[in-house]
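Residue numbers (this note's numbering): 354 to 512.
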Amino acid sequence: SSGINAEYGGKCRMLIDENEELGRQLSQGRVAQLQAELALQKSANEEMQKNVEEMTNFVLQLDEEVEGMQATILQLQHQLKSSQEKVKQTGEKLEREEKRREELEKAQAEEEDKVKQEKRRRASDEDEDTGRRKKEKGKGKNKEGKKSKHKDREAKETE
């Protein structure tokens, strides 16, 4: 029994040693695996940090471009406002000039109407004067004509 115990004791030590060795191997394998995972994680972190830096630089460039565009937009807004004011002033001036032109055209038309009326009045006055002269001449001719007819009758009667 002591031999069996010694045999079992030896086998147990051997199994314990084997377990310890397997434990070390597993532990070393696990450590190696964890070290490999850690190396991959470090590499991924470095890549992400590089990407973050690139994105930061890109965002800074965009920010500068946006500031430049905002300055351009402000300048263009100022130019637009100035142009709109000029258009408004020009429109108002054009309206005033159009109103003045209409007033001048109206005054010119009224003056032309007065001139035409004056010409008609003068023509009418001339026609009246001409008519009176004709009537006066006609009366004179009628008197002469009556005298002449009267003389002709007397002459016929005396014949």
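Cβ atoms here follow ideal geometry from the backbone N, Cα and C, with glycine treated the same way. Computed from a predicted model, the values in this text were never measured in an experiment.
Per the coordinates, the alpha-carbon of residue 483 lies some 16 Å from the alpha-carbon of residue 472.
For the pair residue 486 and residue 479, the Cα-to-Cα distance works out to about 10 Å. Rounded to the nearest whole angstrom, the CA to CA distance from residue 469 to residue 459 is 15 Å.
Counting only the Cα atoms, residue 424 lies some 26 Å from residue 441. Residue 488 and residue 465 have their alpha carbons spaced roughly 34 Å apart. Taking the Cα positions, residue 360 is about 20 Å away from residue 373.
Within the segment 445–491, no run of beta strand (DSSP E) reaches 3 residues while sitting entirely inside it.
Straight-line measurement puts the Cα of residue 427 at about 24 Å from the Cα of residue 411. As the crow flies, the alpha-carbon of residue 448 is around 28 Å from that of residue 429.
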